[in-house]
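Q: Quick one: the structure is below, and I'll ask about it shortly.
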Amino acid sequence: MIYSKSWSELDTMHRANSIVLDILRRLKEMVVPGITTADLDRMAEEWTFEAGALPAFKGYGRGNRPYPATLCASVNEEIVHGIPGPRQLKDGDIIGLDMGVIVDGYYGDSAMTVPVGTISSDARRLVDATEKSLDLGVQQVVVGNRVSDIGHAVHSYVKGLGYTVVKEFTGHGIGRALHEDPQVPNYGEPGHGPRISEGMVLAIEPMVCAGRSDVVIADDQWTASTADGSLSAHFERSVAATPKGPWILGESAPAR
Ligand code: MF3
Ligand code: CO
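Numbering (our numbering), first residue to last: 7 to 262.
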């Protein structure tokens with residue numbers, strides 16, 4: 007069941023995502039060699055409560071192993087769902103920072119991949135391409151389009167650069183739950199799946215790999231890494247379909 011949101015619901019989700027984006031930008035400033043992923047998680051949680059929000063990921067169920075932190079911190083070959091801990095970041099790493107909050111019962115969910123110190127040009131190209139693919143996906147959030155137009159835009163762009171997309175995880179509808187229908191795969195033929203209608207909110211989250219896209223899950227049952235150890239990057243925004251075009255929640259509404 008896909009739930010369309012009213013303007014007042016979109017406003018609440020905009021506030022939730024403003025908090026997430028603000029915290030992600032502040033975390034980005036803290037990402038320097040030597041800091042641990044647990045340090046970043048501690049700040050993320052403190053700032054979430056300070057903003058009057060609740061962490062969305064902490065305690066999120068998957069079987070008997072609820073997610074234990076506020077932040078997902080995924081380093082280098084880790085794709086998503088890296089659990090923060092004592093690992094110290096080092097110069098040349100890339101780190102995916104993924105966060106969700108709840109405000110007045112509504113979820114915000116966004117992510118970015120940032121450099122630690124000076125990174126290789128290969129890593130830079132992968133991160134930039136993943137961010138660009140998110141942007142191309144966002145541009146497809148147009149009333150009347152189909153959900154698969156998003157994944158098609160993401161995949162055709164990164165494939166052209168020699169990269170692969172992860173198929174095991176997808177973007178998703180978002181609202182009163184972190185994960186609502188529909189799923190939003192990062193690949194596919196255009197013109198398939200549900201039609202995008204006014205008030206739909208989709209979390210679009212390309213996960214792009216420099217090598218093969220096969221995934222392995224760590225013993226912690228969460229951390230997802232590339233099986234071949236190749237670098238991976240992840241960006242995410244929650245995007246509303248409006249009559250004026252895509253609204254990246256947490257940023258200003260479209261003016262057109
Ligand atoms: N942005 C991710 C997602 O939408 C983060 C989920 S972490 C979890 O799936 F712990 F909440 F599952
Ligand atoms: Co998400």
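Backbone N, C-alpha and C fix where the C-beta goes; we use that ideal spot for every residue, glycine too.
These numbers come from a predicted model, not from an experiment.
(1) Determine the DSSP secondary structure at H20, reduced to helix, strand or coil.
(2) By the three-class DSSP mapping on this structure, what secondary structure does Y66 have?
(3) Considering Cα atoms alone, identify which of D110, Y112, D99 is closest to V122.
(4) In whole angstroms, what separates the C-alpha of P39 from that of H198?
(5) Counting Cβ pairs closer than 8 Å, one from the segment 54-66 and one from the segment 203-214, do we hit at least three?
(6) With a threshold of 6 Å (Cβ to nearest heavy atom), would D115 be considered close to the ligand CO?
(7) Is M118 helix, strand or coil when you go by DSSP?
(8) What residue does the beta strand (DSSP E) around G168 start on, and which one ends it?
(9) Using a threshold of 7 Å, state whether the C-beta atoms of A239 and V221 are closer than that.
(10) Find the nearest neighbour of G177 within the set E35, L208, Y73, T42, judged by alpha-carbon distance.
(11) Going by beta carbon distance, what residues of the same chain come within less than 8 Å of D128, once the five residues before and after it are set aside?
(12) Judging by CA-CA distance, which residue of R48, E211, T42 is the nearest neighbour of V171?
A: Short version:
(1) Walking along the sequence shown from the start, residue 20 turns up at place 14. In this structure, H20 counts as helix in the three-state DSSP scheme.
(2) Here residue 66 refers to the residue found at position 60 of the sequence shown. Coil.
(3) For the purposes of this step, residue 122 is taken as residue 116 along the sequence shown, with counting starting at 1. Looking at the Cα atoms, D99 is the closest of the given residues.
(4) Residue mapping note: residue 39 aligns to position 33 of the sequence shown, counting from 1. Residue mapping note: residue 198 aligns to position 192 of the sequence shown, counting from 1. One C-alpha to the other measures close to 44 Å.
(5) no
(6) Translated into the one-based positions of the sequence shown, residue 115 becomes position 109. At least one heavy atom of the ligand CO is nearer than 6 Å to the Cβ of D115, so yes.
(7) By one-based count along the sequence shown, residue 118 stands at place 112. The answer is strand: DSSP assigns M118 an E or B state.
(8) The residue given as residue 168 occupies position 162 in the sequence shown. Premise fails: G168 is in no beta strand (DSSP E) and is neither H nor E.
(9) Position 233 of the sequence shown, counting from 1, holds the residue named residue 239. Position 215 of the sequence shown, counting from 1, holds the residue named residue 221. It is not a contact, given that the beta carbons lie outside the stated cut-off.
(10) Residue mapping note: residue 177 aligns to position 171 of the sequence shown, counting from 1. The residue with the shortest Cα to Cα distance from G177 is L208.
(11) Locating residue 128 in the sequence shown gives position 122, counting from the first residue. Counting only Cβ-Cβ distances below 8 Å, and skipping sequence neighbours, we find A216, L237.
(12) Here residue 171 refers to the residue found at position 165 when the sequence shown is read from its first residue. Among R48, E211, T42, the Cα nearest to that of V171 belongs to E211.
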